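**Student:** Can you read through this structure? Questions will come right after.
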Amino acid sequence: MWLNRQHLVKFSGLLLIWLAAWYLGYLVAALIPKETITRSIASLQDIGKKPMLRAPVPKRQKCDHWSPCSPGNYAYRILSGGGKGKMAKICFEDELLISEEKGSVGRGINIAIVNYHSGEMMTFIRNAPEGSLLLMVTHDDGSTRLKNDAKKLVEELGSKEIQNMKFRSSWAFIAAKGFKLPDNIQKEKINHSDKKKNRYDGWPAEIQIEGCIPRNLI
159 MWLNRQHLVK
169 FSGLLLIWLA
179 AWYLGYLVAA
189 LIPKETITRS
199 IASLQDIGKK
209 PMLRAPVPKR
219 QKCDHWSPCS
229 PGNYAYRILS
239 GGGKGKMAKI
249 CFEDELLISE
259 EKGSVGRGIN
269 IAIVNYHSGE
279 MMTFIRNAPE
289 GSLLLMVTHD
299 DGSTRLKNDA
309 KKLVEELGSK
319 EIQNMKFRSS
329 WAFIAAKGFK
339 LPDNIQKEKI
349 NHSDKKKNRY
359 DGWPAEIQIE
369 GCIPRNLI
(Lines of atoms letter the chains of each structure in order from A; the text may use other names.)
(Lines give C-alpha, C1' and ligand atoms only; values in the text may rest on other atoms or scores of the structure.)
Protein backbone atom coordinates (compact mmCIF):
# COMPACT_ATOMS: atom_id res chain seq x y z
CA MET A 159 0.00 0.00 0.00
CA TRP A 160 2.87 2.36 0.94
CA LEU A 161 4.67 1.63 -2.37
CA ASN A 162 1.54 2.44 -4.40
CA ARG A 163 1.31 5.83 -2.68
CA GLN A 164 4.96 6.54 -3.52
CA HIS A 165 4.40 5.71 -7.19
CA LEU A 166 1.32 7.94 -7.26
CA VAL A 167 3.25 10.88 -5.77
CA LYS A 168 6.08 10.47 -8.31
CA PHE A 169 3.62 10.27 -11.21
CA SER A 170 1.79 13.38 -10.03
CA GLY A 171 5.11 15.27 -9.75
CA LEU A 172 6.18 14.32 -13.27
CA LEU A 173 2.77 15.32 -14.62
CA LEU A 174 3.03 18.74 -13.01
CA ILE A 175 6.54 19.28 -14.44
CA TRP A 176 5.36 18.32 -17.92
CA LEU A 177 2.38 20.68 -17.71
CA ALA A 178 4.62 23.53 -16.47
CA ALA A 179 7.08 22.99 -19.34
CA TRP A 180 4.26 22.90 -21.89
CA TYR A 181 2.76 26.11 -20.50
CA LEU A 182 6.13 27.87 -20.49
CA GLY A 183 6.73 26.89 -24.12
CA TYR A 184 3.26 28.16 -25.02
CA LEU A 185 3.98 31.55 -23.37
CA VAL A 186 7.35 31.91 -25.16
CA ALA A 187 5.74 31.10 -28.50
CA ALA A 188 2.98 33.60 -27.86
CA LEU A 189 5.21 36.45 -26.66
CA ILE A 190 8.13 36.15 -29.15
CA PRO A 191 7.32 36.89 -32.82
CA LYS A 192 7.64 33.96 -35.19
CA GLU A 193 10.03 35.92 -37.42
CA THR A 194 12.51 36.32 -34.54
CA ILE A 195 12.54 32.59 -33.82
CA THR A 196 12.97 31.80 -37.52
CA ARG A 197 15.91 34.22 -37.84
CA SER A 198 17.59 32.76 -34.75
CA ILE A 199 17.34 29.22 -36.09
CA ALA A 200 18.64 30.36 -39.49
CA SER A 201 21.61 32.09 -37.84
CA LEU A 202 22.53 28.93 -35.97
CA GLN A 203 22.37 26.95 -39.20
CA ASP A 204 24.58 29.51 -41.00
CA ILE A 205 27.36 29.09 -38.43
CA GLY A 206 28.09 25.63 -39.75
CA LYS A 207 28.06 26.84 -43.36
CA LYS A 208 30.54 29.73 -42.95
CA PRO A 209 34.05 28.86 -44.20
CA MET A 210 36.76 28.51 -41.54
CA LEU A 211 39.53 31.07 -41.64
CA ARG A 212 42.94 29.45 -42.16
CA ALA A 213 46.35 31.05 -41.88
CA PRO A 214 48.10 31.28 -45.26
CA VAL A 215 50.84 28.74 -45.93
CA PRO A 216 54.18 30.49 -45.31
CA LYS A 217 56.19 31.12 -48.46
CA ARG A 218 59.41 29.12 -48.67
CA GLN A 219 62.50 31.33 -48.52
CA LYS A 220 65.90 30.81 -50.13
CA CYS A 221 68.00 28.15 -48.36
CA ASP A 222 65.01 27.56 -46.05
CA HIS A 223 65.51 30.78 -44.10
CA TRP A 224 62.68 31.67 -41.73
CA SER A 225 62.54 35.17 -43.21
CA PRO A 226 63.72 36.44 -46.59
CA CYS A 227 66.95 38.35 -47.11
CA SER A 228 66.57 42.01 -47.96
CA PRO A 229 66.89 42.95 -51.65
CA GLY A 230 70.52 43.17 -52.67
CA ASN A 231 71.67 40.36 -50.34
CA TYR A 232 72.83 36.78 -50.91
CA ALA A 233 71.25 34.05 -48.77
CA TYR A 234 73.45 31.30 -47.32
CA ARG A 235 73.04 28.39 -44.92
CA ILE A 236 75.75 26.01 -43.71
CA LEU A 237 74.71 22.86 -41.84
CA SER A 238 77.20 20.40 -40.36
CA GLY A 239 76.70 16.65 -40.44
CA GLY A 240 75.07 14.89 -37.48
CA GLY A 241 75.64 11.20 -36.79
CA LYS A 242 75.75 8.68 -39.61
CA GLY A 243 72.43 9.59 -41.18
CA LYS A 244 72.53 13.39 -41.48
CA MET A 245 74.98 14.71 -44.04
CA ALA A 246 76.49 18.18 -44.15
CA LYS A 247 74.94 20.79 -46.45
CA ILE A 248 76.02 24.10 -47.91
CA CYS A 249 73.38 26.25 -49.58
CA PHE A 250 74.02 29.55 -51.38
CA GLU A 251 71.26 31.55 -53.05
CA ASP A 252 68.97 28.49 -52.81
CA GLU A 253 71.47 26.26 -54.63
CA LEU A 254 72.87 23.26 -52.75
CA LEU A 255 76.61 23.38 -53.36
CA ILE A 256 77.38 20.54 -50.93
CA SER A 257 74.78 17.88 -50.16
CA GLU A 258 74.06 14.17 -50.04
CA GLU A 259 71.60 14.58 -52.91
CA LYS A 260 74.40 15.84 -55.16
CA GLY A 261 76.86 13.24 -53.90
CA SER A 262 79.29 16.03 -53.11
CA VAL A 263 79.63 15.62 -49.34
CA GLY A 264 82.41 13.58 -47.79
CA ARG A 265 84.02 12.82 -44.46
CA GLY A 266 86.16 15.69 -43.16
CA ILE A 267 85.97 19.37 -44.04
CA ASN A 268 83.80 20.15 -47.05
CA ILE A 269 84.51 23.43 -48.85
CA ALA A 270 82.50 25.25 -51.47
CA ILE A 271 83.73 28.33 -53.30
CA VAL A 272 81.16 30.39 -55.10
CA ASN A 273 81.90 30.45 -58.85
CA TYR A 274 84.96 28.27 -58.40
CA HIS A 275 85.88 24.57 -58.77
CA SER A 276 87.38 21.98 -56.45
CA GLY A 277 90.88 20.75 -55.58
CA GLU A 278 93.04 19.82 -52.56
CA MET A 279 92.10 21.82 -49.48
CA MET A 280 95.11 24.18 -49.28
CA THR A 281 95.39 24.47 -53.06
CA PHE A 282 91.65 24.92 -53.18
CA ILE A 283 91.81 27.89 -50.81
CA ARG A 284 94.98 29.46 -52.24
CA ASN A 285 93.72 29.27 -55.79
CA ALA A 286 90.37 30.82 -54.95
CA PRO A 287 90.31 34.13 -56.81
CA GLU A 288 90.00 37.45 -55.06
CA GLY A 289 86.37 38.25 -54.50
CA SER A 290 85.41 34.66 -53.62
CA LEU A 291 83.21 33.44 -50.79
CA LEU A 292 84.45 30.27 -49.09
CA LEU A 293 81.89 28.14 -47.24
CA MET A 294 83.22 25.29 -45.08
CA VAL A 295 81.53 22.58 -43.01
CA THR A 296 82.51 19.30 -41.36
CA HIS A 297 80.97 15.90 -41.73
CA ASP A 298 82.05 13.15 -39.30
CA ASP A 299 85.66 14.06 -38.41
CA GLY A 300 87.52 17.02 -39.87
CA SER A 301 90.44 17.22 -37.45
CA THR A 302 92.49 14.02 -37.74
CA ARG A 303 94.07 14.83 -41.12
CA LEU A 304 93.97 18.59 -40.68
CA LYS A 305 97.57 19.84 -40.77
CA ASN A 306 98.87 22.94 -39.02
CA ASP A 307 99.54 24.69 -42.34
CA ALA A 308 95.91 24.22 -43.32
CA LYS A 309 94.73 25.44 -39.92
CA LYS A 310 96.88 28.56 -40.27
CA LEU A 311 95.50 29.21 -43.75
CA VAL A 312 91.90 28.98 -42.51
CA GLU A 313 92.80 31.12 -39.50
CA GLU A 314 94.10 33.81 -41.87
CA LEU A 315 90.66 33.85 -43.47
CA GLY A 316 89.22 34.89 -40.10
CA SER A 317 88.44 31.61 -38.31
CA LYS A 318 88.62 31.79 -34.53
CA GLU A 319 87.81 28.11 -33.95
CA ILE A 320 89.92 26.15 -36.45
CA GLN A 321 92.75 25.78 -33.91
CA ASN A 322 90.24 24.35 -31.42
CA MET A 323 89.02 21.63 -33.77
CA LYS A 324 88.78 18.23 -32.07
CA PHE A 325 87.82 14.72 -33.13
CA ARG A 326 84.34 14.84 -34.64
CA SER A 327 83.74 18.49 -33.80
CA SER A 328 80.81 19.93 -35.74
CA TRP A 329 82.08 23.11 -37.42
CA ALA A 330 80.68 25.62 -39.91
CA PHE A 331 82.47 28.66 -41.32
CA ILE A 332 82.08 31.28 -44.03
CA ALA A 333 84.88 33.58 -45.17
CA ALA A 334 85.67 36.05 -47.91
CA LYS A 335 88.86 36.35 -49.92
CA GLY A 336 89.89 39.82 -51.03
CA PHE A 337 87.13 41.68 -49.20
CA LYS A 338 85.62 41.95 -45.72
CA LEU A 339 82.33 40.47 -44.58
CA PRO A 340 80.04 42.60 -42.39
CA ASP A 341 80.66 42.27 -38.66
CA ASN A 342 77.00 41.65 -37.89
CA ILE A 343 76.58 38.38 -39.81
CA GLN A 344 77.09 34.91 -38.36
CA LYS A 345 80.38 33.56 -39.72
CA GLU A 346 81.40 30.59 -37.58
CA LYS A 347 80.13 28.04 -35.08
CA ILE A 348 81.57 24.91 -33.46
CA ASN A 349 80.21 22.12 -31.28
CA HIS A 350 82.61 19.58 -29.75
CA SER A 351 81.96 15.90 -29.21
CA ASP A 352 81.12 15.12 -25.57
CA LYS A 353 80.08 11.63 -24.45
CA LYS A 354 77.73 13.09 -21.83
CA LYS A 355 76.06 15.60 -24.18
CA ASN A 356 76.26 14.02 -27.66
CA ARG A 357 72.96 13.76 -29.50
CA TYR A 358 74.12 10.76 -31.49
CA ASP A 359 76.25 7.77 -30.55
CA GLY A 360 79.76 9.22 -30.77
CA TRP A 361 78.66 12.41 -32.56
CA PRO A 362 77.63 15.83 -31.29
CA ALA A 363 74.49 17.51 -32.57
CA GLU A 364 74.70 19.10 -36.00
CA ILE A 365 75.02 22.90 -36.09
CA GLN A 366 74.25 25.54 -38.67
CA ILE A 367 74.92 29.16 -39.49
CA GLU A 368 72.91 31.25 -41.89
CA GLY A 369 72.49 34.83 -42.90
CA CYS A 370 72.35 37.42 -45.64
CA ILE A 371 75.38 38.93 -47.36
CA PRO A 372 75.12 42.30 -49.16
CA ARG A 373 75.83 42.02 -52.89
CA ASN A 374 77.75 45.30 -53.10
CA LEU A 375 80.73 44.54 -50.85
CA ILE A 376 83.18 44.64 -53.74
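Basically the numbering used here = 1-based index in the sequence shown + 158.
Just so you know, even glycine gets a beta-carbon here, dropped at the ideal spot from N, CA and C.
Keep in mind it's a predicted model, so treat the numbers as computed, not measured.
Going by DSSP in three states, cysteine 370 sits in which element: helix, strand or coil?
**Tutor:** Residue mapping note: residue 370 aligns to position 212 of the sequence shown, counting from 1. Here cysteine 370 sits in strand by DSSP.
**Student:** Output the boundary residues of the beta strand (DSSP E) element that contains isoleucine 269.
**Tutor:** Translated into the one-based positions of the sequence shown, residue 269 becomes position 111. Where isoleucine 269 is concerned, the enclosing beta strand (DSSP E) stretches over 266 to 271.
**Student:** How about serine 257 and methionine 245: do their beta carbons lie closer than 8 Å?
**Tutor:** Mapped onto the sequence shown, residue 257 falls at position 99. Mapped onto the sequence shown, residue 245 falls at position 87. Remark: C-beta atoms of serine 257 and methionine 245 approach each other more closely than 8 Å.
**Student:** Alpha carbon to alpha carbon, how far is glutamine 219 from glutamate 251?
**Tutor:** To locate residue 219, count along the sequence shown from 1; it is residue 61. To locate residue 251, count along the sequence shown from 1; it is residue 93. For glutamine 219 and glutamate 251, the distance between alpha carbons rounds to 10 Å.
**Student:** Can you check which of these residues, Thr302, Gly336, Asp341, is closest to asparagine 322 by C-alpha distance?
**Tutor:** To locate residue 322, count along the sequence shown from 1; it is residue 164. Closest option to asparagine 322, Cα to Cα, is Thr302.
**Student:** Select from Phe325, Trp329, Lys247, Phe337 the residue whose C-alpha is nearest the C-alpha of isoleucine 371.
**Tutor:** Here the question's residue 371 lines up with position 213 in the sequence shown. Measuring from the Cα of isoleucine 371, the nearest candidate turns out to be Phe337.
**Student:** Considering only the beta carbon of each residue, do leucine 292 and isoleucine 269 sit closer than 8 Å?
**Tutor:** Start at 1 with the first residue of the sequence shown, and residue 292 comes out as number 134. Start at 1 with the first residue of the sequence shown, and residue 269 comes out as number 111. Result yes, Cβ atoms of leucine 292 and isoleucine 269 sit closer than 8 Å.
**Student:** Just to confirm the assignment: which complete alpha helix (DSSP H) runs, minimum length 4, are found wholly within the region 218 to 270?
**Tutor:** Listed in chain order, there is nothing to give.
**Student:** Tell me which residue opens and which closes the beta strand (DSSP E) that alanine 330 is part of.
**Tutor:** For the purposes of this step, residue 330 is taken as residue 172 along the sequence shown, with counting starting at 1. Segment 328 to 335, the beta strand (DSSP E) holding alanine 330.
**Student:** Can you list, in chain order, the residues of its chain whose CB lies under 6 Å from that of leucine 375, leaving out five sequence neighbours each side?
**Tutor:** Within the sequence shown, numbered from 1, the residue matching residue 375 stands at position 217. Excluding residues within five positions, the ones whose Cβ falls inside 6 Å are Phe337.
**Student:** Out of Ile283, Lys247, Leu237, Asn342, point me to the one whose CA is closest to asparagine 349's CA.
**Tutor:** Numbered from its first residue, the sequence shown carries residue 349 at position 191. The option with the nearest alpha carbon to asparagine 349 is Leu237.
**Student:** Given that a residue counts as buried once 16 or more other Cβ atoms are within 10 Å of its Cβ, and exposed if not, what is serine 225?
**Tutor:** One-based indexing of the sequence shown puts residue 225 at position 67. Exposed, by the Cβ-count rule.
**Student:** Could you pull out every residue in the same chain whose Cβ sits closer than 6 Å to the Cβ of glycine 241, ignoring the five residues on either side in sequence?
**Tutor:** Position 83 of the sequence shown, counted from the start, is the residue given in the question as residue 241. Excluding residues within five positions, the ones whose Cβ falls inside 6 Å are Tyr358, Trp361.
**Student:** Rank His297, Gly316, Ser317, Pro340 by C-alpha distance to the C-alpha of arginine 326 and give the top, closest one.
**Tutor:** Counted from its first residue, the sequence shown places residue 326 at position 168. Residue His297 is the option with its Cα nearest to arginine 326.
**Student:** What separation, rounded to the nearest whole angstrom, lies between the Cα atoms of leucine 311 and lysine 318?
**Tutor:** As a position in the sequence shown, residue 311 is number 153, starting the count at 1. As a position in the sequence shown, residue 318 is number 160, starting the count at 1. Rounded to the nearest angstrom, the two C-alpha atoms are 12 Å apart.
**Student:** DSSP puts asparagine 349 in a beta bridge; with which residues?
**Tutor:** Indexing the sequence shown from 1 puts residue 349 at position 191. As a beta-bridge residue in DSSP terms, asparagine 349 pairs with Ser328.
**Student:** What's the call for valine 263, buried or exposed, on a 16-neighbour Cβ count within 10 Å?
**Tutor:** Sequence index remark: in the sequence shown, residue 263 carries index 105 (1-based). That one is buried.
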